[in-house]
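In short: position in the sequence shown from 1, add 13, done, that's my numbering. C-beta: ideal position from N, C-alpha, C; glycine also. Take a look at the structure set out below.
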Amino acid sequence: MRAVFIRFIDCEGPGILEPILREAGYRISYQNAYDKRIHLMPEIHLNFDLIVMLGGPQSVADPEEQEFFKPYYDIVNNVVALQNKKLIGICLGSQIIAKALGANVRPGTKGPETGFSELQVLKPEHPIFNGIEKDSILAFHLHEDIFDIPVGAEHLLASDFYANQMFSYKNKVFAFQTHLEPTLEMLQVWQSVHKDFIAKGTGDFSEIADKQKVMAETAITIFRNIIKL
Numbered sequence: 014m015r016a017v018f019i020r021f022i023d024c025e026g027p028g029i030l031e032p033i034l035r036e037a038g039y040r041i042s043y044q045n046a047y048d049k050r051i052h053l054m055p056e057i058h059l060n061f062d063l064i065v066m067l068g069g070p071q072s073v074a075d076p077e078e079q080e081f082f083k084p085y086y087d088i089v090n091n092v093v094a095l096q097n098k099k100l101i102g103i104c105l106g107s108q109i110i111a112k113a114l115g116a117n118v119r120p121g122t123k124g125p126e127t128g129f130s131e132l133q134v135l136k137p138e139h140p141i142f143n144g145i146e147k148d149s150i151l152a153f154h155l156h157e158d159i160f161d162i163p164v165g166a167e168h169l170l171a172s173d174f175y176a177n178q179m180f181s182y183k184n185k186v187f188a189f190q191t192h193l194e195p196t197l198e199m200l201q202v203w204q205s206v207h208k209d210f211i212a213k214g215t216g217d218f219s220e221i222a223d224k225q226k227v228m229a230e231t232a233i234t235i236f237r238n239i240i241k242l
């Protein structure tokens, strides 16, 4: 099996998701969308069993970015149309998925959502939550744009700040507005790289080492369950 991570900024990588995939027998490739010298691999949806679109500073809500995003919208639609393919989108990646599936993506009216918070598990019976016995999970946020839930998708996670934090579509496309994947090292880098954006929010950045560890425990379960579907 083969998986590809599409990165939209160099500091937002796969985090804990890469070792989970390697453990499951996946061979890993990378596509750096932020490097304008590199073109998207032709027919990428045919070459990989799993495509993961990661986070980045670009905005799906920006009309001037639509030409840049078009091939990534095409990936979403191609994965939906094919059997035995999966797609995971995280933060910007989730917004790409939502837009491709016909949902509105726009700046949130409350401003940036940053730091740690609890997310409510809306459908505990869904197979991605197998093994999780809690009503909520800890997650990390670093975004301002938000999405509506596409028609036909299942709304799975919600926060008090912005309700739409995760959805699945046909149990093969999984969109996480929130971040579950960061390692502690990634969070420390983000605090530096994204410090100006973080300063606009009021999020919780206390005890990040302890909270990252708690977050990773449930994130590993969720990601493993997605891979098994």
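Residue i and residue j closer than 8 Å at C-beta
i, j, result
"residue 150", "residue 169", "no"
"residue 127", "residue 155", "yes"
"residue 190", "residue 160", "yes"
"residue 119", "residue 60", "no"
"residue 66", "residue 153", "no"
"residue 221", "residue 29", "no"
"residue 174", "residue 205", "no"
"residue 111", "residue 188", "yes"
Nearest to residue i (by Cα), restricted to the options the options
i, options, result
"residue 178", "157, 195, 184 and 113", "157"
"residue 57", "44, 239 and 49", "44"
"residue 37", "63, 25, 24 and 21", "63"
"residue 80", "109, 66 and 59", "109"
"residue 136", "53, 145 and 22", "145"
"residue 48", "242, 19 and 122", "19"
"residue 211", "40, 30, 70 and 41", "70"
"residue 143", "107, 96, 152 and 236", "236"
"residue 27", "106, 116 and 88", "106"
"residue 117", "164, 92, 138 and 183", "164"
"residue 46", "24, 32 and 214", "24"
"residue 166", "139, 94 and 183", "183"
"residue 17", "225, 121, 201 and 88", "88"
"residue 223", "134, 200 and 214", "200"
Segment limits, beta strand (DSSP E) that includes residue i
i, result
"residue 32", "Unbroken run through residue 32 is the alpha helix (DSSP H), 30 to 36; no beta strand (DSSP E)."
"residue 102", "99 to 103"
"residue 61", "Residue 61 -> no beta strand (DSSP E), and no H or E assigned at all."
"residue 41", "40 to 45"
"residue 119", "118 to 120"
Residue span of the alpha helix (DSSP H) that contains residue i, given as start and end
i, result
"residue 236", "221 to 241"
"residue 90", "79 to 94"
"residue 18", "Taken as a continuous stretch (DSSP letters only), residue 18 belongs to no alpha helix (DSSP H), being part of the beta strand (DSSP E) at 15 to 20."
"residue 208", "208 to 211"
Buried versus exposed call for residue i [16 or more other C-beta atoms within 10 Å across all chains shown]
i, result
"residue 231", "buried"
"residue 243", "Outside the displayed span of the chain (14 to 242) sits residue 243, for which this structure offers no information."
"residue 34", "buried"
"residue 181", "buried"
"residue 193", "buried"
"residue 103", "buried"
"residue 53", "exposed"
"residue 113", "buried"
"residue 68", "buried"
"residue 195", "buried"
Problem set entry | beta strand (DSSP E) runs wholly inside the stretch 123 to 204, at least 3 long, in chain order | 126 to 134, 149 to 156, 158 to 160, 167 to 171, 179 to 182 and 186 to 189
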